[in-house]
Amino acid sequence: MYVDSNIFVFAALDSDERGENARKIIELAEDGKIAIFISPLVFDEVLQIIQKLANKKVSEHIGRSLLSLSSWLDVTYNGSVYAFEYYQTGLVPRDSMHTGIMRDYGITVILSEDSDFDSVPYIKRRTLKEVLNEYLDNESH
1 MYVDSNIFVF AALDSDERGE NARKIIELAE DGKIAIFISP LVFDEVLQII
51 QKLANKKVSE HIGRSLLSLS SWLDVTYNGS VYAFEYYQTG LVPRDSMHTG
101 IMRDYGITVI LSEDSDFDSV PYIKRRTLKE VLNEYLDNES H
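Numbering (our numbering), first residue to last: 1 to 141.
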């Protein structure tokens, strides 16, 4: 499951249920209980947003945490070609790149609160609540 940048921003900055759910999912990934993938694009986007909304020190702290995640996907030429196809269909450039990277690696599920991904035919968007509830349901069986 590819993780969109907004999940890490919520985990870092939101004190509400959404932020708590994001932190729980990241903790599950750090403990090896769920598999997540990110890319340098996620890293860049998260650091920029957090530096703008909070400050550089918070951004650096989150950056160190992201670097500790082991499941990184490289941005490739093929991924960029796929991204351009999605861009031409109306996705914004950043979301196009995320979907291009996913397609390049054969990943069909994205954890995101951004409904723009719902327009991409082969991608299944999962929300924080959906992923967390599914994990808890599997744990209880």
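We put the CB at the ideal spot given by N, CA and C, even for glycine.
With distances taken from CA atoms, which of the options is nearest residue i?
i	options	result
residue 38	139, 55, 52, 67	67
residue 91	120, 75, 48	120
residue 51	13, 129, 32, 30	13
residue 47	31, 6, 75, 115	6
Is it buried or exposed, residue i, if we count other Cβ atoms within 10 angstroms and call 16 or more buried?
i	result
residue 8	buried
residue 35	exposed
residue 45	buried
residue 53	exposed
residue 70	exposed
residue 4	buried
residue 137	exposed
residue 95	buried
Once you ignore the five residues that flank residue i on each side, which residues in its own chain have a CB closer than 6 Å to its CB?
i	result
residue 117	110, 123, 125
residue 1	36, 109, 111
residue 97	41, 83
residue 10	18, 19, 22
residue 105	73
residue 49	9
residue 43	66
For residue i, which residues in the same chain have their Cβ closer than 7 Å to its Cβ, ignoring the five residues on either side in sequence?
i	result
residue 132	21, 24, 25
residue 28	34, 135
residue 93	87
Please state the DSSP three-state secondary structure of residue i.
i	result
residue 2	strand
residue 46	helix
residue 41	helix
residue 69	coil
residue 58	helix
residue 81	helix
residue 120	coil
For the structure I just gave you, are there three or more beta carbon pairs, one from the region 69-87 and one from the region 98-108, closer than 8 Å? yes
Item to complete: May I ask you to verify whether the region 48-61 touches the region 15-35, counting CB pairs closer than 8 Å and requiring at least 3?
Response: no
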